[in-house]
Amino acid sequence: MDVSWYLVLSALLFATGACGVLIRRSPLVILLCLELMLNAGNLALVAFSRSNGNEEGQVFALVVMVVAACEVVVGLGLIVAMFRRRIALDVDEIRELRG
Amino acid sequence: MVEVAFFAGAIGALGGAIAVIALNNPFYSVLALIVHLISLAGLFLLLHAEFIAAAQIVVYAGAVMVLYLFVAAYVGGTEEPIAQAIPGQRFVAPLLAAALFVEVSIAVVGTSLASIQTEGPVIEAGFGSPGSIGRLLLERFLVAFEAASMLLLIAAVGAIVLAGRKGTGTSASGPGVPDVDRGEIV
Amino acid sequence: MSATTWSWLVLALPLAGSMVIAFGRAAMPGRVPGWIGTASIALAFACSIGALLALLDHPTDERQLTDSLYSYADAGGLEIQLGILVDPLAVYMCLVVTGISTLIHLYSLAYMDSDRGYARFFSYLNFFVFSMLLLVLAGNFVLLIVGWAFVGFASYALISFWYRRETATKAGMKAFVINVVGDIGLVFAAFFVFRELGTFDFLESFDAARDTFTVNEGVVIAICLLICVGAFAKSAQVPFHTWLPDAMEGPTPVSALIHAATMVTAGVYLIARMWPFFELGPTAADIAAFVGLATLLIAATIALAVTDLKRIIAYSTMSQIGYMIMGVAIGAYVGGLFMLLAHAFFKALLFMAAGSVIAAMANNQNIDRMSGFRRAMPFTSALLLIGCLALAAFPGTSGFFSKDEILAFAADRGGMYWIFAIGGYIGAVLTAFYAFRIGFRVVTGPPCEEAKELEQGHIHHAEPTNPATGEPEDAEVGFPGAEHHIAEREWPMKVAMAALGFGALFIGLLQVPGVDHVLSTFLAGTFEESPLFHIEPTVGDSWLGLAVGGSISVIGVLGAYVCYVRRPGVTVRLAERYRRLHAFLFNKWYFDELIDALVYRPTVATGRFANSVFERYVVDGIVAGATGLVKGAGSVVRGAQSGLVRGYALLLVGGFAALGIYFLVVAN
Numbered sequence: 069m070d071v072s073w074y075l076v077l078s079a080l081l082f083a084t085g086a087c088g089v090l091i092r093r094s095p096l097v098i099l100l101c102l103e104l105m106l107n108a109g110n111l112a113l114v115a116f117s118r119s120n121g122n123e124e125g126q127v128f129a130l131v132v133m134v135v136a137a138c139e140v141v142v143g144l145g146l147i148v149a150m151f152r153r154r155i156a157l158d159v160d161e162i163r164e165l166r167g
Numbered sequence: 040m041v042e043v044a045f046f047a048g049a050i051g052a053l054g055g056a057i058a059v060i061a062l063n064n065p066f067y068s069v070l071a072l073i074v075h076l077i078s079l080a081g082l083f084l085l086l087h088a089e090f091i092a093a094a095q096i097v098v099y100a101g102a103v104m105v106l107y108l109f110v111a112a113y114v115g116g117t118e119e120p121i122a123q124a125i126p127g128q129r130f131v132a133p134l135l136a137a138a139l140f141v142e143v144s145i146a147v148v149g150t151s152l153a154s155i156q157t158e159g160p161v162i163e164a165g166f167g168s169p170g171s172i173g174r175l176l177l178e179r180f181l182v183a184f185e186a187a188s189m190l191l192l193i194a195a196v197g198a199i200v201l202a203g204r205k206g207t208g209t210s211a212s213g214p215g216v217p218d219v220d221r222g223e224i225v
Numbered sequence: 002m003s004a005t006t007w008s009w010l011v012l013a014l015p016l017a018g019s020m021v022i023a024f025g026r027a028a029m030p031g032r033v034p035g036w037i038g039t040a041s042i043a044l045a046f047a048c049s050i051g052a053l054l055a056l057l058d059h060p061t062d063e064r065q066l067t068d069s070l071y072s073y074a075d076a077g078g079l080e081i082q083l084g085i086l087v088d089p090l091a092v093y094m095c096l097v098v099t100g101i102s103t104l105i106h107l108y109s110l111a112y113m114d115s116d117r118g119y120a121r122f123f124s125y126l127n128f129f130v131f132s133m134l135l136l137v138l139a140g141n142f143v144l145l146i147v148g149w150a151f152v153g154f155a156s157y158a159l160i161s162f163w164y165r166r167e168t169a170t171k172a173g174m175k176a177f178v179i180n181v182v183g184d185i186g187l188v189f190a191a192f193f194v195f196r197e198l199g200t201f202d203f204l205e206s207f208d209a210a211r212d213t214f215t216v217n218e219g220v221v222i223a224i225c226l227l228i229c230v231g232a233f234a235k236s237a238q239v240p241f242h243t244w245l246p247d248a249m250e251g252p253t254p255v256s257a258l259i260h261a262a263t264m265v266t267a268g269v270y271l272i273a274r275m276w277p278f279f280e281l282g283p284t285a286a287d288i289a290a291f292v293g294l295a296t297l298l299i300a301a302t303i304a305l306a307v308t309d310l311k312r313i314i315a316y317s318t319m320s321q322i323g324y325m326i327m328g329v330a331i332g333a334y335v336g337g338l339f340m341l342l343a344h345a346f347f348k349a350l351l352f353m354a355a356g357s358v359i360a361a362m363a364n365n366q367n368i369d370r371m372s373g374f375r376r377a378m379p380f381t382s383a384l385l386l387i388g389c390l391a392l393a394a395f396p397g398t399s400g401f402f403s404k405d406e407i408l409a410f411a412a413d414r415g416g417m418y419w420i421f422a423i424g425g426y427i428g429a430v431l432t433a434f435y436a437f438r439i440g441f442r443v444v445t446g447p448p449c450e451e452a453k454e455l456e457q458g459h460i461h462h463a464e465p466t467n468p469a470t471g472e473p474e475d476a477e478v479g480f481p482g483a484e485h486h487i488a489e490r491e492w493p494m495k496v497a498m499a500a501l502g503f504g505a506l507f508i509g510l511l512q513v514p515g516v517d518h519v520l521s522t523f524l525a526g527t528f529e530e531s532p533l534f535h536i537e538p539t540v541g542d543s544w545l546g547l548a549v550g551g552s553i554s555v556i557g558v559l560g561a562y563v564c565y566v567r568r569p570g571v572t573v574r575l576a577e578r579y580r581r582l583h584a585f586l587f588n589k590w591y592f593d594e595l596i597d598a599l600v601y602r603p604t605v606a607t608g609r610f611a612n613s614v615f616e617r618y619v620v621d622g623i624v625a626g627a628t629g630l631v632k633g634a635g636s637v638v639r640g641a642q643s644g645l646v647r648g649y650a651l652l653l654v655g656g657f658a659a660l661g662i663y664f665l666v667v668a669n
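Residue numbers (the working numbering), protein chains in the order written: chain A, 69 to 167; chain B, 40 to 225; chain C, 2 to 669.
Below, the structure written as structure tokens:
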């Protein structure tokens, strides 16, 4: 398969993730959609690595995975903290930082 | 043959993605994401990224998603409607996302980069094997490797701090287990 | 020493005197400030004589010397020097100013003795002399304007000397404002001169004017008229004259020095100095002459009616200066300047005598209450009569020779200028009449209460009050002193008055037609190149004019004699019969009311309008409107900060998509 197929798929997955971030209210699901976007990026990276004949793209993808894992950990910690303090798990309710 | 595998993986990934954003129950969304991740791992295999595929399944789908499952179970997830705070968001958002997809596709398909229109160069056998990835990590990208490990450490500590109970946490007024109200000793 | 060095000394000495008195007054008991002030001016007079002698060493046509102390500005075509012009006219004025000032300082030594502000008085007085000398010696327009402004300030400071008296401070402000109007005219004139001729220096601009301007060109007339505005404001000519009578609120020596002998003559000096411009713009000169004539007659008629002694003398000053302005404007430079000299003598003398009389009257200035001082104050009465004789231009006195020289010149020029001659003679009748109104009223007749008291040997004492309004005052700082000093008892006053009396009688002999011409010879150094300067009536014509003038003066004196000595009460009956006319004259031709309606009220109304309407709606509107606009814009933009995460994410993705479109389009 041409590499361009993978890239188009990656774009589609990215767009889907973005759409999910915009339309979901629960922070947990928003984090999941963030994962979608990150993985779409990973796919693109690996596809390019294949098209360049170079493994550096895969290393990059690995590091992205590490970063994604850390981000998930912190994000989930936040969600747990919110839940403990009886804050509603709804991004539309948490809007004190505004002008 | 390769095409079939590609389309299978693609449909799995796409289906999982759409399920993530469409399902009401967050728990089901997490499960859908796991399907998506495994499909992606299949696609990685097609691209000769064996180590990455394995890492994806073991680490991502295995560990990270299990973490997600725990939290989703703890927090629970209500049947929440896909509501909108900003009027018209339900229509604008998919529109914008679609626009984004279309633009990137045009960019990809219309590009003059020759290598994208092909499968790529002929590669030797050890491409994408753990050995070669490991060699790269420890030789060329050592700093990134170390930084990544440090990041993991910080994230772990941060998570403990954030989610800790009273005593290890920062807030003193956490709900937790309410104190038993002992009566006055008269 | 050269003439210019002497001149710098003449400038420096009064300034030094003023500073010394100002800073050292705490250590100076009694009359010491007075002596220091008098000494500094006396020394300045000596230096003026030195300058005169040094100047006479030069041949007649090389008597215009300049010297500069400091180059104030020298850049891009603009050159301003701290420079003086020493020529016969300047030295003449220096002599007059310093000479008369010395005598007046001497007089004030005794007159102001009990005043609590004694040292302040002499410091101001010295500063005034310094600024007048600066004005006279200035060699360029800039320094002239500096001197002009200083003189205006000194006048203000001295008119408002008794600053706790409200009438005095108001008079000071009035004088200052009208002077500033004149200053504006002068500054504009200087600006035009610079723009047309490229220089501020007098001699350079005179030379350039002859080359650049044609006769009666619009710019020249404009310059001359603007100079006239300055001159008229300073010399109290119509319509800028309303400050002078009010300036009598100041102490009598101030009236003598500033408002008789020196400051008000600055306008005459100015027109004489600027003769090259005036001879290039004869139309303007004629206008100036008409203004002088008008003032002459108006002031003379008012002097017939007012009853405050000092104000009568003030109006006579205005009238005599009208003669002088008329004289220098029609080209009788020697006549006008000669009259300046004579007038300085007899007017200062009149004020001094009036001061003595007013002191005897315990600061009451109403002439209707004064009479019969001849036995109580013989010296003062005699000198008062001498002054009146000179003022009336009685044959033989200095006023006689000087005034009639102007009128003879006017007659000699012929044509339209006969108007000035006739008008001048009419004014002479009036002058003689009111001069002896003063003289006969104060001196002859039965002694009034105060005079009787003085004959017994002590000066009348009354509670200090404001002479104009009758408000009670005390004798502390800011009000006149408690004691009154009359000439009979104070030798400085006697000496000063005697010297002035001598001059009033005999200084006319300097320029007797056909006999000697000291002044015209001397002043030729300045006016040599003027064609008008060389118009000289024949000796016969001059003596004819003198005869006419003399007889007119005698007629006026006789008329006053009849009205005030032979048949007292005639004037009262006349005043009642012609009540409207009398009221018109008594109210000074209603000039104050006219200026109030034409100038003051519209200005105040404009200011009020500006404050309430323009300021509130336009200015504040613009400022507040600008802030309102910013606030409004801010609150609109603030709407984007909703606090909703998904809102921000929406903007993010939207922006991303827009960027993508942009790059796709641009790339293709």
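We put the CB at the ideal spot given by N, CA and C, even for glycine.
Treat the numbers as computed from the prediction; the structure is a model and nothing was measured.
If we ignore side chains and look at the alpha-carbon of each, how far apart do C/G77 and C/R121 end up? As a working mapping, residue 77 of chain C is identified with position 76 in the third sequence. As a working mapping, residue 121 of chain C is identified with position 120 in the third sequence. Each residue's Cα considered, the two are about 43 angstroms apart.
Cβ-based neighbour list, C/F657, same chain, cut-off 8 angstroms, excluding 5 preceding and 5 following: Counting from 1 along the third sequence, the entry for residue 657 of chain C is found at position 656. There are no such residues.
Would you mind stating whether C/F380 and C/A488 have Cβ atoms separated by less than 8 angstroms? As a first step, residue 380 of chain C must be located in the third sequence, where it is residue number 379. As a first step, residue 488 of chain C must be located in the third sequence, where it is residue number 487. Yes; because the gap between Cβ atoms is below 8 angstroms, this pair is in contact.
Can you look up C/N367 in the DSSP assignment and give me helix, strand or coil? For this step, residue 367 of chain C is matched to residue 366 along the third sequence. Strand at C/N367.
I'd like the ranges of any alpha helix (DSSP H) spanning at least 4 consecutive residues and lying wholly in the segment 451-535 of chain C. 492-507, 519-528
Interface positions of the segment 182-200 of chain B facing chain A (Cβ-Cβ less than 9 angstroms), listed along the chain: A183, F184, A186, A187, S188, L190, L191, I193, A194, A195, G197, A198, I199, V200
What does the Cβ neighbour count give for C/A411, buried or exposed, with the cut at 16 atoms within 10 Å? To locate residue 411 of chain C, count along the third sequence from 1; it is residue 410. Counting Cβ neighbours within 10 Å, C/A411 comes out buried, since at least 16 surround it.
Shortest alpha-carbon distance to A/V131 belongs to which of B/L176, B/L53, B/A56? As a position in the first sequence, residue 131 of chain A is number 63, starting the count at 1. With distances taken between Cα atoms, A/V131 lies closest to B/L176.
Nonlocal neighbours in the same chain, by C-beta distance under 7 angstroms from A/V159, ignoring five residues either side: By 1-based counting over the first sequence, the position of residue 159 of chain A is 91. Taken in chain order, the residues that qualify are R93, P95, I98.
When burial is assigned at 16 or more other CB atoms within 10 Å of the CB, is C/P60 buried or exposed? As a working mapping, residue 60 of chain C is identified with position 59 in the third sequence. C/P60 is exposed by the Cβ-count criterion.
With 16 as the cutoff for other CB atoms within 10 Å, does C/D75 come out buried or exposed? As a first step, residue 75 of chain C must be located in the third sequence, where it is residue number 74. Exposed: under 16 other Cβ atoms inside 10 Å.
Determine the chain A residues that contact B/S68 at a beta-carbon separation under 7 angstroms, and present them in chain order. Taking the second sequence and counting its residues from 1, one reaches residue 68 of chain B at position 29. Those within 7 angstroms of B/S68 in chain A are V97, L100.
C/D542 beta carbon near the ligand NAP (any heavy atom closer than 7 angstroms): As presented, the structure is devoid of all ligands, the ligand NAP included, so that no description of it is given.
Quick one: does C/A650 have its CB under 8 angstroms from some CB of chain A? On the third sequence, position 649 is the one that residue 650 of chain C refers to. For C/A650, the answer is yes, since a Cβ of chain A falls inside 8 angstroms of its Cβ.
In terms of residues, what are the limits of the beta strand (DSSP E) holding C/L547? Within the third sequence, numbered from 1, the residue matching residue 547 of chain C stands at position 546. No beta strand (DSSP E) holds C/L547; the alpha helix (DSSP H) holding it covers 540-562.
Mind checking which residues open and close the alpha helix (DSSP H) that includes C/G84? The residue you call residue 84 of chain C lines up with position 83 of the third sequence. No alpha helix (DSSP H) holds C/G84; the beta strand (DSSP E) holding it covers 79-87.
Identify the contact partners of C/V646 in chain A, using a Cβ-Cβ distance below 7 angstroms as the criterion. Start at 1 with the first residue of the third sequence, and residue 646 of chain C comes out as number 645. Within chain A, V159 have C-beta atoms less than 7 angstroms from the C-beta of C/V646, given in sequence order.
Would you mind giving the Cβ-Cβ distance between C/P89 and C/G526, rounded to the nearest angstrom? I have them listed as a contact below 8 angstroms. Against the third sequence, residue 89 of chain C aligns to sequence position 88. Against the third sequence, residue 526 of chain C aligns to sequence position 525. Contact between C/P89 and C/G526 holds, since their C-beta atoms are separated by about 4 angstroms, short of 8 angstroms.
So if I threshold CB-CB distances at 8 angstroms, which residues from the segment 124-145 of chain B count as touching chain C? Under the 8 angstroms Cβ criterion, the segment 124-145 of chain B contributes A124, I125, Q128, V131, A132, L135, A136, A138, L139, E142, V143, I145.
Which same chain residues end up closer than 6 angstroms to B/G208 when comparing Cβ atoms and leaving out the 5 residues on each side of it in sequence? As a working note, residue 208 of chain B is residue 169 in the second sequence. Residue placement at B/G208 cannot be trusted, given a pLDDT of 45 that sits under 50; the coordinates are not used to answer.
Taking C/S357 as the reference, give the member of C/E491, C/K235, C/D202 with the closest Cα. Residue 357 of chain C sits at position 356 when you count from the first residue of the third sequence. For the residues C/E491, C/K235, C/D202, the minimum Cα distance to C/S357 belongs to C/E491.
Three-state class that DSSP yields for C/L10 in the structure shown: In the third sequence, counting from the first residue as 1, residue 10 of chain C sits at position 9. Helix, per DSSP.
Rounded to a whole number of angstroms, what is the C-alpha to C-alpha distance between C/T5 and C/D58? Within the third sequence, numbered from 1, the residue matching residue 5 of chain C stands at position 4. Within the third sequence, numbered from 1, the residue matching residue 58 of chain C stands at position 57. When rounded, the distance between both Cα atoms is 13 angstroms.
Neighbour-count burial assignment, C/W419, 16 or more Cβ in a 10 Å radius: Indexing the third sequence from 1 puts residue 419 of chain C at position 418. With fewer than 16 other Cβ atoms within 10 Å, it is exposed.
Could you tell me which uninterrupted beta strand (DSSP E) segments, each at least 3 residues in length, are contained entirely in the segment 259-334 of chain C, listed from first to last along the chain? Counting whole runs of 3 or more residues, the segment 259-334 of chain C contains no beta strand (DSSP E) stretch at all.
Comparing alpha-carbon positions, which option in C/M94, C/L227, C/T213 lies nearest C/L524? For this step, residue 524 of chain C is matched to residue 523 along the third sequence. Ranking C/M94, C/L227, C/T213 by Cα distance to C/L524 puts C/M94 first.
Should the segment 367-379 of chain C be called in touch with the segment 505-523 of chain C, which here means at least 3 C-beta pairs below 8 angstroms? Put simply, the segment 367-379 of chain C does not touch the segment 505-523 of chain C. Fewer than three CB pairs are less than 8 angstroms apart.
Quick one: grab the DSSP three-state call for B/V225. Position 186 of the second sequence, counted from the start, is the residue given in the question as residue 225 of chain B. With a pLDDT of 42 at B/V225, under the threshold of 50, the modelled position of that residue is not reliable, and the figure given next carries that caveat. Note: B/V225 maps to coil in three-state DSSP.
If contact means a Cβ-Cβ distance below 8 angstroms, which residues of the segment 70-98 of chain B contact chain A? L72, H75, L76, L79, L82, F83, L85, L86, H87, A88, F90, I91, A94, Q95, V98
Roughly how many whole angstroms lie between the Cα atoms of A/E103 and B/A186? Position 35 of the first sequence, counting from 1, holds the residue named residue 103 of chain A. Position 147 of the second sequence, counting from 1, holds the residue named residue 186 of chain B. Take the alpha-carbon of A/E103 and the one of B/A186: they are about 21 angstroms apart.
Which residues in the same chain have their Cβ closer than 6 angstroms to the Cβ of C/M362, if we skip the five residues on either side of it in sequence? Start at 1 with the first residue of the third sequence, and residue 362 of chain C comes out as number 361. Cβ neighbours of C/M362 beyond the five flanking positions: E451.
Among all the DSSP beta bridges, which residues are the ones paired with C/T67? Residue mapping note: residue 67 of chain C aligns to position 66 of the third sequence, counting from 1. According to DSSP, C/T67 bridges with C/L86.
Could you tell me the distance, in whole angstroms, from the CA atom of B/F45 to the CA atom of B/F83? Stepping through the second sequence from its first residue, residue 45 of chain B is reached at position 6. Stepping through the second sequence from its first residue, residue 83 of chain B is reached at position 44. For B/F45 and B/F83, the distance between alpha carbons rounds to 10 angstroms.
What residues of chain F sit near A/V89, judged by a beta carbon separation below 7 angstroms? Protein chains A, B and C are contained in the structure displayed, whereas chain F is not.
Tell me the DSSP secondary structure of C/Y682 in three-state form. The structure shown does not extend to residue 682 of chain C, since chain C spans only 2 to 669, so no value can be given for it.
Using 10 angstroms around the beta-carbon of A/I147, count the other beta-carbons present and answer buried if the total reaches 16, otherwise exposed. Working through the first sequence from its first residue, we reach residue 147 of chain A at position 79. Per the 10 Å Cβ criterion, buried.
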